[in-house]
Every structure is written in C-alpha cells, then in structure tokens.
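Start counting the sequence shown at 2; every next residue gets the next number (the working numbering).
Even glycine gets a Cβ: it sits at the ideal position worked out from N, Cα and C.
One structure is given below, encoded as structure tokens.
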Amino acid sequence: MVSKRIYPVILCGGSGTRLWPLSRKHYPKQFVPLAGEISLFQATLERLSGTQYAPPIVVTGNDFRFIVAEQLQQQGVEGATIVVEPDGRNTAPAVLAAALWIQKQDPDAYLLLSPADHVMPDHASFGAAVDQGLSAAIGGELVTFGIKPDRAETGYGWLELETPDAQPVVKLASFKEKPNLSDAQSMLASGRHLWNAGIFLFSIRAILRAFEVHQPSMLPPVQAAVDGAKPDLDFFRLDPKAWDDVESESIDYAIMERADNVSVVPYDGRWSDMGGWDAVWRESEQDEHGVAANGHTTAIDCKDSLLRSESDAIQVVGIGLENTIVVAMQDAVLVADSSNAQQVKEAVATLKLNKVPQAERFPKDHRPWGWFETLALDDRYQVKKIVVKPGGILSLQSHMHRAEHWVVVTGTARVTIDESVQVITENQSVYIPLGSHHRMENPGKLPMVLIEVQTGSYLGEDDIIRYEDLYSRD
Numbered sequence: 002m003v004s005k006r007i008y009p010v011i012l013c014g015g016s017g018t019r020l021w022p023l024s025r026k027h028y029p030k031q032f033v034p035l036a037g038e039i040s041l042f043q044a045t046l047e048r049l050s051g052t053q054y055a056p057p058i059v060v061t062g063n064d065f066r067f068i069v070a071e072q073l074q075q076q077g078v079e080g081a082t083i084v085v086e087p088d089g090r091n092t093a094p095a096v097l098a099a100a101l102w103i104q105k106q107d108p109d110a111y112l113l114l115s116p117a118d119h120v121m122p123d124h125a126s127f128g129a130a131v132d133q134g135l136s137a138a139i140g141g142e143l144v145t146f147g148i149k150p151d152r153a154e155t156g157y158g159w160l161e162l163e164t165p166d167a168q169p170v171v172k173l174a175s176f177k178e179k180p181n182l183s184d185a186q187s188m189l190a191s192g193r194h195l196w197n198a199g200i201f202l203f204s205i206r207a208i209l210r211a212f213e214v215h216q217p218s219m220l221p222p223v224q225a226a227v228d229g230a231k232p233d234l235d236f237f238r239l240d241p242k243a244w245d246d247v248e249s250e251s252i253d254y255a256i257m258e259r260a261d262n263v264s265v266v267p268y269d270g271r272w273s274d275m276g277g278w279d280a281v282w283r284e285s286e287q288d289e290h291g292v293a294a295n296g297h298t299t300a301i302d303c304k305d306s307l308l309r310s311e312s313d314a315i316q317v318v319g320i321g322l323e324n325t326i327v328v329a330m331q332d333a334v335l336v337a338d339s340s341n342a343q344q345v346k347e348a349v350a351t352l353k354l355n356k357v358p359q360a361e362r363f364p365k366d367h368r369p370w371g372w373f374e375t376l377a378l379d380d381r382y383q384v385k386k387i388v389v390k391p392g393g394i395l396s397l398q399s400h401m402h403r404a405e406h407w408v409v410v411t412g413t414a415r416v417t418i419d420e421s422v423q424v425i426t427e428n429q430s431v432y433i434p435l436g437s438h439h440r441m442e443n444p445g446k447l448p449m450v451l452i453e454v455q456t457g458s459y460l461g462e463d464d465i466i467r468y469e470d471l472y473s474r475d
C-alpha cells in the first residue's frame, strides 16, 4: 500500500530570532509551546502520524539532538530516525540527505517534507490535502502546498498558479519572492496566488532526478556524507569531512524554482509559520478587546496586544496598551509595536554585535539528563537550579577552578565523590571539593531538583574534564 511509503522528513534547525526572547539560537521556537500545551515540533509530529505515514526522519543539528530525542519520547513516537548535520547548510542538502537515506531502505518511497515550526491544527484537512497531492507525486510531479491568503502579507513568499485554484492540484507558473505591499495587494486580488508554505511532497525517484538535473554538484558530497554516517547512541551523524564540501542552498532556489514539473495543492485550512510575535498574537486566544495574555499578566484598558510572561517570578502589567507586544522572561524583556514585529531579528543582531549573552543563550540550558538555569551569578560565585530527570546521569567529571555545594530540594540523588558513593535526599547537602572526580544521578521515579552553589576563580561551562559520559559527549 502506498500509505505506508510516505516518509515525513521534518527539518528541525534554525534559530527563530524573530521570536526572541522566547526563541534563541540555543533553544529555537520549534521546541517551545507557542500555540498550545506542546511544542511546535511535537505538534508537527502529531500532524504527520497515522497509518498513511512511516516513522519520521528528523534532520537536526548537533546542539538539538537530545532535545529532539526527548520530545519524540514525550510524544510516544517510535521508530524515528534522527539525522544530525555537522553544520547547517540550509534546506536543499538536508532534503537530499534525507532522500538518499530513505532510498537505501525504500527506493519507491514518497517523501513529505515539512518544517518543524508551523501551526496547522486541522490534521484531517491537511491529511486530505496530502492525499490529493499524492496522485500528482505518483505521476512524477514535485508537489508543493500553497496557503490560500486572507491578507496582503509581505513576510511570505508567494506561488503563482497557471490557472485559478478551482482544482485540487494546479500547475505552478512561478515562485514569487517576498513582495512589497502593493504587489502583495495585487496578488491577493488576482485569485491566482497562494502563500508558499514550504511543505513539499515527491517521490524519492523524482527528487533525486531533479538534483541530478539542477544540482549535480551537490550529489557527490551529500552522498559521501550519507554513506559515511556513523551511529552515535540513537542518532546518525553525517560524515563531517564530506559535509564540509556541501554548498548551502535552499530547496526552493536549488530545485523548485528551476524544475518544470511542479504542481500545487491549494490549502485553505489554518496555517501559520509563526514567523513573528504578530503571528503568535493571531494564533492565540484573545479576549473581546483583542488582548492575548499568557502567564502571569494583567491587562488594563489594553487593545489588540500580546502580553506574555514566561517566568513565575515576573508579573507583566499592561495599562492602556494598543497594538503592542510585551514578552517577559527571567533574563530579558521585549516591548515592541506590533507593526515592527519583524524588526525583532534586527534587535537580536544588535545584541549579538554588542556581545550581550541573552542574544543567543537561553535561561534554561537543556542537557540529555535534564536542564539547569542560573539563579545568581557574580565574579566568584554562581547559584544554579538543576533538574535531573528519572534515570538521568551526569558525566563523571572534575573542575580545575571551582568547588561546589549541592542541596537536594526534591527527590533523591546518588552522588559519587572520588571513591565515595552516597545517597542524599530532600534537605540534605554535600560538598564537592575542587579537583575531585564527581558525579550526580537520579535513581528515583520522579524528577530530582537541587540547588548548586559554585565558588571559585572561574565558573565557565568549559571548566569541565569528563572521564565517563553516558551520552557520549566530548
């Protein structure tokens, strides 16, 4: 049956700077619950599950591999393949690597390419659109999905159709870059243009043939990277030496804009690429005044605004705000006019130029065993909250420049200090001398929470010498 041969390929990289401060380089928007209780990536997994789909292929970067694995596990997804790129090379090499990977096991398969950070809540409607596109893909077409526009949007690319979209599948006339407002208004009025959703469906044979015709120089290094891929725990790492020779290019420019066998499935269900805080406001539940409020917030005489607090310790109060975005986190606050939502990316660039750590670093540092966040930091001390999930084990390590005090506040910790192994529970503490070999693990059934106080001349995360590591990190 064809239904078992559609392989979802989920692209799970990027930095999502337009949604700063909630989305950052070290924890981008696809892993964040922006439009519900689960992350955008997990919502994508839900949308691309069911009898018509094989287990997904997730293409991601080294920094995100454990986050991807954890969120897959949380969603109960079994049989997924996590392919780790040595470095980001845009979408074309990622698609080609996935196609070559799938070809090894099923050369007659179909590949459904999707970003990890889009909102499409009507799963049944999207599944029906995929079924419509499959007939064209079986015929050798490269199928893209176009969103029926409801406004003259300048932040999206557009698709021009050869004929108005009365049919389930329409031939593509051309791709249109992000337009100015006047052009967007004309395309909206024409009835022959759709937003480019960046979602594609094609057979493995058709997409590989397209690369042979339009990007032949990309095939050898990507093939070498796939052939040289090495398993690492539950991941597959593409060969980094071969990957160095891969050109960075988008799938749109490399293939879709050059091919003459492209068809479009018009889709009129809800869709958003969550490309800015204005999009988050549109997708959020609003009160009668158009105010979307999340977390600890209070809105007084506000209108058409987004108020969001991501910290239990921060109460956001808006008074008389209109068309305003306010997003507060423990370490950063964004206040912007809604019409300037796309300029958040420019603000992040300025922060990076000024070497402000909040530009890229997330308050919570996610690790395979759990996460930690800094509560206080000075020249000679740092206080952290550390959460270790059940069964989580930190590496056996030592530090050259700091000593540590650990206080367990919830759960149980098994602590190794040189030759000593002890179990400490709530309200108990232990001292880790400078230079000692030490390890912490959670042997219990519930998350373990502790407060760590570091003291010393240097407190950086690179002051770690690892001797044993369950997660095979360097």
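W407 - partner residues in DSSP beta bridges
Translated into positions along the sequence shown, residue 407 becomes position 406. According to DSSP, W407 bridges with V431 and E453.
Would you mind stating whether L97 and V214 have Cβ atoms separated by less than 7 Å?
The residue given as residue 97 occupies position 96 in the sequence shown. The residue given as residue 214 occupies position 213 in the sequence shown. Result no, Cβ atoms of L97 and V214 do not sit closer than 7 Å.
Taking 7 Å as the threshold (beta carbon to beta carbon), is H400 in contact with chain C?
Considering every chain present, this structure includes no chain C. It has just one protein chain.
In DSSP terms, what T413 is bridged to:
Counted from its first residue, the sequence shown places residue 413 at position 412. Secondary-structure assignment with DSSP links T413 through a beta bridge to T426.
What number of angstroms, rounded off, separates the C-alpha of T351 from the C-alpha of A300?
Locating residue 351 in the sequence shown gives position 350, where the first residue counts as 1. Locating residue 300 in the sequence shown gives position 299, where the first residue counts as 1. Distance between the alpha carbons of T351 and A300 is about 30 Å.
Through-space distance from P150 to F476, alpha-carbon basis
Here the chain has residues from 2 to 475 only, and residue 476 is not among them.
Segment limits, alpha helix (DSSP H) that includes W1
The structure shown does not extend to residue 1, since the chain is modelled only from 2 to 475, so the question has no answer here.
Would you mind stating whether G62 and E47 have Cβ atoms separated by less than 7 Å?
Position 61 of the sequence shown, counted from the start, is the residue given in the question as residue 62. Position 46 of the sequence shown, counted from the start, is the residue given in the question as residue 47. No, Cβ-Cβ distance for G62 and E47 is not below 7 Å.
When you compare only the Cα positions, how much space is there between R238 and A230?
In the sequence shown, the residue the question calls residue 238 occupies position 237. In the sequence shown, the residue the question calls residue 230 occupies position 229. Rounded to whole angstroms, R238 to A230 spans 5 Å at the Cα level.
Quick one: residues in its chain with C-beta nearer than 6 Å to the C-beta of F236, no 5 flanking neighbours on either side, listed in chain order?
In the sequence shown, residue 236 corresponds to position 235, counting from 1. Same-chain partners within the cutoff: R66, I83 and V85.
Rounded to whole angstroms, what's the CA-CA distance from A207 to Y8? Just pull it up for me.
The residue you call residue 207 lines up with position 206 of the sequence shown. The residue you call residue 8 lines up with position 7 of the sequence shown. Cα to Cα, A207 sits roughly 14 Å from Y8.
Can you grab the Cα-Cα spacing for the pair S340 / H367, in whole Å?
Position 339 of the sequence shown holds residue 340. Position 366 of the sequence shown holds residue 367. When rounded, the distance between both Cα atoms is 33 Å.
Local Cβ density within 10 Å of Q72, reported as buried at 16 or more and exposed below that:
Here residue 72 is taken as the residue at index 71 of the sequence shown, counted from 1. Flag for Q72 reads buried.
Does the Cβ-Cβ distance between E462 and I387 come in under 7 Å?
Reading the sequence shown from its first residue, position 461 is the one you call residue 462. Reading the sequence shown from its first residue, position 386 is the one you call residue 387. No, they are not a contact pair.
Every unbroken alpha helix (DSSP H) within the stretch 251-336, with a cutoff of 4 residues, ordered by chain:
278-284
Return helix, strand or coil for V3, following the three-state DSSP convention.
Counting from 1 along the sequence shown, the entry for residue 3 is found at position 2. With a pLDDT of 41 at V3, under the threshold of 50, the modelled position of this residue cannot be trusted, and the question is left open.
Would you give the residue range spanned by the alpha helix (DSSP H) that F237 belongs to?
Translated into positions along the sequence shown, residue 237 becomes position 236. Premise fails: F237 lies in the beta strand (DSSP E), F236 to R238, not in any alpha helix (DSSP H).
Can you give the Cα-Cα distance for D479 and S458, rounded to whole angstroms?
Since the displayed the chain opens at 2 and closes at 475, residue 479 lies outside it and no answer follows.
Should V10 and I58 be called a contact, given that it needs their Cβ atoms to be closer than 7 Å?
Along the sequence shown, one-based indexing puts residue 10 at 9. Along the sequence shown, one-based indexing puts residue 58 at 57. Yes, Cβ-Cβ distance for V10 and I58 is below 7 Å.
Look up I139 in the DSSP assignment and say whether it is helix, strand or coil.
By one-based count along the sequence shown, residue 139 stands at place 138. In the structure shown, I139 sits in a helix (DSSP, three-state: H, G or I).
Can you tell me whether DSSP reads Y353 as helix, strand or coil?
For this step, residue 353 is matched to residue 352 along the sequence shown. Sequence check: residue 353 is Lys here, not Tyr. Helix, per DSSP.
Between R193 and I315, what straight-line distance do the alpha-carbon atoms span, to the nearest angstrom?
As a working note, residue 193 is residue 192 in the sequence shown. As a working note, residue 315 is residue 314 in the sequence shown. Near 47 Å, if we compare the C-alpha coordinates of I315 and R193.
May I ask which residues mark the beginning and end of the beta strand (DSSP E) holding L220?
Locating residue 220 in the sequence shown gives position 219, counting from the first residue. Premise fails: L220 lies in the alpha helix (DSSP H), L220 to D228, not in any beta strand (DSSP E).
What residues in its chain sit with their C-beta under 6 Å from that of N295, if we drop five residues either side in the sequence?
Residue mapping note: residue 295 aligns to position 294 of the sequence shown, counting from 1. Closer than 6 Å at the Cβ level, and outside the excluded window around N295, lie R309.
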